[in-house]
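Below is one structure, written out as structure tokens; the observations come after it.
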Amino acid sequence: MKAPENFLAHDDVRTVWAEARDGRRDFLRQAFASAAACLAVPAVLAQGLAVPGEGDPNILQLPAHSTGLGQGVATEGYGKPSRYEANVQRRQSPGLTQTRQASVSFAPLQSLFGIVTPSGLHFERHHQGWWDVDPTTHRLMVNGSDPAIVKTPKVFTMDDIMRLPSVSRFHFIECGANTGMEWGNVAVPTCQYTHGMLSCSEFTGVPLRTLLDFCGADWKRGRFVLAEGADGSSMTRTIPISLIESGEVLVAYGQNGEMLRPEHGYPLRLVVPGVQGVSWVKYLRRIELGDQPYGTKDETIHYVDLLPGGQHRQYSSTQEVKSVVTTPSGGQVLLEKGFHNISGLAWSGRGKIRRVDVSVDGGRNWREARLESPVLSKCLTRFNLDWVWKGDAALVQSRATDDTGQVQATYGQMRAVRGTRSIYHNNSIQTWWVQESGEVCNVQLS
Amino acid sequence: MFSCRDFVFVGAAALAICAASAQAASDLPDFAGIGRPATPKEVAAWDIDVRPDFKGLPVGSGSVARGQTVWEDKCASCHGVFGDSNEVFNPVVGGTTKDDLNTGHVARLDDRGYPGRTTLMKVSTVSTLWDYINRAMPWTQPKSLTVEEVYGVTAYLLNLGGVVPDDFVLSNGNMAEVQKRVPNRNGMTTQHALWPGKELGGAARPDLQGSRCMTNCAAQPRVASMLPDFARNAHGNLAEQNRLVGAQRGANTAGTAPTAAAEPAAVKPAAVSAIALLQQHSCTACHGIDSQIVGPSFKAVSDKYAGQGDALVYLSGKIRTGGSGVWGAIPMPAQNLPEADLKAIAQWIAGRWAN
Numbered sequence: 000m001k002a003p004e005n006f007l008a009h010d011d012v013r014t015v016w017a018e019a020r021d022g023r024r025d026f027l028r029q030a031f032a033s034a035a036a037c038l039a040v041p042a043v044l045a046q047g048l049a050v051p052g053e054g055d056p057n058i059l060q061l062p063a064h065s066t067g068l069g070q071g072v073a074t075e076g077y078g079k080p081s082r083y084e085a086n087v088q089r090r091q092s093p094g095l096t097q098t099r100q101a102s103v104s105f106a107p108l109q110s111l112f113g114i115v116t117p118s119g120l121h122f123e124r125h126h127q128g129w130w131d132v133d134p135t136t137h138r139l140m141v142n143g144s145d146p147a148i149v150k151t152p153k154v155f156t157m158d159d160i161m162r163l164p165s166v167s168r169f170h171f172i173e174c175g176a177n178t179g180m181e182w183g184n185v186a187v188p189t190c191q192y193t194h195g196m197l198s199c200s201e202f203t204g205v206p207l208r209t210l211l212d213f214c215g216a217d218w219k220r221g222r223f224v225l226a227e228g229a230d231g232s233s234m235t236r237t238i239p240i241s242l243i244e245s246g247e248v249l250v251a252y253g254q255n256g257e258m259l260r261p262e263h264g265y266p267l268r269l270v271v272p273g274v275q276g277v278s279w280v281k282y283l284r285r286i287e288l289g290d291q292p293y294g295t296k297d298e299t300i301h302y303v304d305l306l307p308g309g310q311h312r313q314y315s316s317t318q319e320v321k322s323v324v325t326t327p328s329g330g331q332v333l334l335e336k337g338f339h340n341i342s343g344l345a346w347s348g349r350g351k352i353r354r355v356d357v358s359v360d361g362g363r364n365w366r367e368a369r370l371e372s373p374v375l376s377k378c379l380t381r382f383n384l385d386w387v388w389k390g391d392a393a394l395v396q397s398r399a400t401d402d403t404g405q406v407q408a409t410y411g412q413m414r415a416v417r418g419t420r421s422i423y424h425n426n427s428i429q430t431w432w433v434q435e436s437g438e439v440c441n442v443q444l445s
Numbered sequence: 000m001f002s003c004r005d006f007v008f009v010g011a012a013a014l015a016i017c018a019a020s021a022q023a024a025s026d027l028p029d030f031a032g033i034g035r036p037a038t039p040k041e042v043a044a045w046d047i048d049v050r051p052d053f054k055g056l057p058v059g060s061g062s063v064a065r066g067q068t069v070w071e072d073k074c075a076s077c078h079g080v081f082g083d084s085n086e087v088f089n090p091v092v093g094g095t096t097k098d099d100l101n102t103g104h105v106a107r108l109d110d111r112g113y114p115g116r117t118t119l120m121k122v123s124t125v126s127t128l129w130d131y132i133n134r135a136m137p138w139t140q141p142k143s144l145t146v147e148e149v150y151g152v153t154a155y156l157l158n159l160g161g162v163v164p165d166d167f168v169l170s171n172g173n174m175a176e177v178q179k180r181v182p183n184r185n186g187m188t189t190q191h192a193l194w195p196g197k198e199l200g201g202a203a204r205p206d207l208q209g210s211r212c213m214t215n216c217a218a219q220p221r222v223a224s225m226l227p228d229f230a231r232n233a234h235g236n237l238a239e240q241n242r243l244v245g246a247q248r249g250a251n252t253a254g255t256a257p258t259a260a261a262e263p264a265a266v267k268p269a270a271v272s273a274i275a276l277l278q279q280h281s282c283t284a285c286h287g288i289d290s291q292i293v294g295p296s297f298k299a300v301s302d303k304y305a306g307q308g309d310a311l312v313y314l315s316g317k318i319r320t321g322g323s324g325v326w327g328a329i330p331m332p333a334q335n336l337p338e339a340d341l342k343a344i345a346q347w348i349a350g351r352w353a354n
């Protein structure tokens, strides 16, 4: 598949080839040094602080909604956001993919509050197109890689699964390739595209451990679980048994109080907290308990992390500690000098966020941010920090620490260990350059 | 299923055993009436996975020649006749050498001058190719290939990569031998801390640890990378990708200044246009609206047939059954799409171009 595992568009590949032949392999960096997209003077204005004449006409002249009759109940059977929110959309990154069925759309993190992603703005990743599957015909099968490993292979309807004791838990889901376009250099302008393969929901479902126990699992021999989807790709992944035994892995049908959306696997998907999104198999049709790992396409050809020296890390699953400032962030323009609330998201696939530090001088000095409640395991955590912007250039960064003690690293620290070509698992510290003009740019520091 | 509770009165020894296995097995309520045993036929219908140790591999065989026929008919339109096309998906074939067959490491994975990474460069287990082709290919008709065709296509790809000779017949009997020649068979490591558990060996400690420094930490920062000017508008006008109120707006990257009080463009109704259908059914992966990609542009097809009296019937038939030779050597595979959608597309091409 083309994306998001492989970020060079074919025109870029040709260019890189040509440049490589010419022996100018660092041409990308040079190109970026020559001209910058972020230096234009913005022409955006605030809604106006100066009071004209006798006062604000929005106060002095009563608007229609104060002087007329509004709309009735149930005008919309399923309510929609205000028409003034039409800019808040999930979006594709142009040129990333040739087909929309094997592609990704990014969640607009720059416009979201708190930790929950509205289901309609949740990022999408499809491997062979999405479907709206009839829940009355959907089935889940649980079996073993041999007859002894699961005593009684069983079939469950959605009715069956929804009768079982359920749990509801908040978790983030992040694509393993999130921020993958930025491994080598800055490639995209806003946090929607740098970090938007990230979303967070309350999921409701049944612990997979319950279903496997119910079918008579041999936990001693069965140390690997295959999850398989019902769509065209019949996505398969090897699921870590430790997260099943801990009761964390869910067979989920609920998301944010309603059923899963079709784009996210309606009526049934796997929830694998802390593990990259590709393992959260959608349209889940089968669980197999086995005694060997499965070496599926998306853990052998894609979602393998290329290291310096040419080896790939296989079965790399955990999403490590990471954070990003969402306001102010790339592509935005600060309207006024003075007070600003620096706000962002932090998360770790290993547990809870313990602290987040924020720097406005490119990492020389840091201040500890406030963590807003709730702070949950393998879930987004919102952080905030007061900041008075005096109109000087600033380099805004955030650095998260999780409750295992792991601290988010810089690009320099990451590249020293993992090089620049891994594609997956880029959890480096993000830098936003706030310029004197107020315009904010995505930059990487040396 | 027994539960640990049943053993409470039996004795200390039994309790100890229970404690050891309680890690996974939990006390289950009586789930009477939920679920039912799967029939053997049901398990056979869905349990199609093939593992690296070849568990699940069906008995059968397929030749390189047979694979080539299937490939040209059903795969080449996306992947190219030789599996090296970069038009729709990343190349499947290329980048491996004879030497890689001996070392089991694809040398070019460490060559920065070779930015592409083909399937054959990365794949370490031949079972993965077989499994994926069987479950997910062809792109628009997954799971439609016969066992012989899957063996054949796998053999053809291996042949293009120089792994097996032209006259090779791949079978369940010789897959293990072929595995010993997979170019990147030694190219994977599980020595990392990104798998939560000990089943794969792995590493106890993460390879990355940031700094806890709070004051006077880094050297004077220097901006080393940012977007070039020509890319300023590559993701559209960022002013239209941010909310209309708040502490900041989106930067205007389109050249005209937005006014802060401007109303957003009215939300467009989600009309199912012909173009939406073309995208929905992946037609646009191979055909541009007015540019040739793998196949001819819709404009070109329209120009050729719009005046033809039976254009609608002809084009419907071509979409349904596929074809080759009219626009070049690369065949278009048969398209399996709902009749109403097929008609709407054909109608759009045939007579309603102006709309």
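These protein sequences, in sequence, are chains A and B. Anchor point for the first sequence: position 115 equals 114 in numbering that gives the first Met the number 0, and the numbering is continuous, going up by one each time. Anchor point for the second sequence: position 352 equals 351 in numbering that gives the first Met the number 0, and the numbering is continuous, going up by one each time. The beta-carbon is built from N, C-alpha and C at its ideal position, and this holds for glycine as well. All values reported here derive from a predicted model rather than from experimental measurement.
Residue i (DSSP reduced to helix, strand or coil)
i, result
"A:Trp346", "strand"
"B:Ser224", "strand"
"A:Ile300", "coil"
"A:Gln291", "coil"
"A:Cys174", "coil"
"B:Phe297", "helix"
"B:Met174", "helix"
"A:Asn57", "helix"
"A:Asn383", "strand"
"A:Arg398", "strand"
"B:Met187", "strand"
"B:Pro39", "helix"
"A:Ser118", "helix"
"B:Trp194", "coil"
"B:Arg242", "coil"
"B:Arg65", "helix"
"B:Ala343", "helix"
"B:Cys216", "coil"
Anticipated Cβ contact below 8 angstroms, residue i with residue j, distance rounded
i, j, result
"A:Arg90", "A:Ile148", "The pair is not a contact, with the Cβ atoms about 44 angstroms apart (cut-off 8 angstroms)."
"B:Pro205", "A:Gln405", "6 angstroms"
"B:Thr95", "B:Gly160", "5 angstroms"
"A:Arg398", "A:Val433", "About 17 angstroms separates the two Cβ atoms, so there is no contact after all."
"B:Ser290", "A:Thr98", "Not quite, the Cβ-Cβ distance comes to about 16 angstroms (not below 8 angstroms), so this is no contact."
Cutoff 8 angstroms: residue i Cβ touching any chain D Cβ
i, result
"A:Cys190", "In the structure shown, chain D cannot be found, because the protein chains are A and B."
Of the listed residues the options, nearest to residue i (C-alpha basis)
i, options, result
"A:Asp337", "B:Asp52, B:Glu86, B:Ala349, B:Gln247", "One detail in the question is off: residue 337 of chain A reads as Gly in this sequence, not Asp. Minimum Cα distance to A:Gly337 is reached at B:Gln247."
"B:Ser126", "B:Pro220, B:Arg204, B:Arg184", "B:Arg184"
"A:Arg268", "A:Leu249, A:Pro307, A:Gln275, A:Trp431", "A:Leu249"
"A:Thr136", "A:Leu283, A:Glu201, A:Trp431, A:Ala73", "A:Leu283"
"A:Ser198", "A:Asn177, A:Trp182, A:Pro206", "A:Asn177"
"B:Asn158", "B:Gln140, B:Ser143, B:Val181", "B:Val181"
"A:Ile422", "A:Thr209, A:Ala226, A:Gln88, A:Leu305", "A:Leu305"
"A:Leu379", "A:Pro272, A:Leu242, A:Ile341", "A:Pro272"
"A:Ser316", "B:Thr102, B:His104, B:His191, B:Gly294", "B:His191"
"A:Glu257", "A:Gly204, A:Ser81, A:Ala63, A:Ala415", "A:Gly204"
"B:Pro337", "B:Gln279, B:Ile292, B:Met187", "B:Gln279"
"A:Val115", "A:Glu53, A:Met157, A:Glu75, A:Arg168", "A:Arg168"
"B:Met213", "A:His339, A:Ile160, A:Gln396", "A:Gln396"
Residue burial classification, residue i (beta-carbon count within 10 angstroms, cutoff 16)
i, result
"A:Tyr83", "exposed"
"A:Ser372", "exposed"
"A:Gln60", "exposed"
"B:Leu27", "exposed"
"A:Tyr77", "exposed"
"B:Leu207", "buried"
"B:Ala256", "With a pLDDT of 44 at B:Ala256, under the threshold of 50, the modelled position of this residue cannot be trusted; read the value that follows with caution. By the 10 Å Cβ count, B:Ala256 comes out exposed."
"A:Leu68", "exposed"
"B:Glu148", "buried"
- Any chance you could list the beta strand (DSSP E) runs of at least 3 consecutive residues sitting entirely within the region 135-169 of chain A, in chain order? 138-143, 153-156
- Query: Where in the region 208-290 of chain A do unbroken runs of the beta strand (DSSP E), each at least 3 residues long, occur, reported from the N-terminal end onward?
  - Reply: 223-228, 235-239, 249-254, 268-270, 283-289
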